[in-house]
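Asker:
Residue numbers (this note's numbering): 30 to 78.
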């Protein structure tokens, strides 16, 4: 896979818009801007960079 795909899978960036976080979550997450009721990803708990 590509580097960005790996970062999404590891939770280092938002699975929807691609914004990067300070630390990885270990699983795919969505940033607070992208997270809504229809989104199946958990909301990220880290600060964005």
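Yeah, the Cβ is synthetic: ideal placement off N, Cα and C, and Gly gets one too.
Reducing DSSP to helix, strand and coil, say where residue 73 ends up.
Answerer: coil
Asker: Kindly list the residues whose CB is nearer than 6 Å to the CB of residue 58, restricted to its own chain and excluding five residues on each side of it in sequence; keep chain order.
Answerer: 40, 70, 71, 73
Asker: Could you tell me which of 30, 66, 61, 32 sits nearest to residue 46, measuring between CA atoms?
Answerer: 61
Asker: Considering only the beta carbon of each residue, do residue 51 and residue 76 sit closer than 7 Å?
Answerer: yes
Asker: Roughly how many angstroms lie between the CA atoms of residue 64 and residue 56, to the nearest whole one?
Answerer: Answer to the nearest angstrom: the Cα atoms are 15 Å apart.
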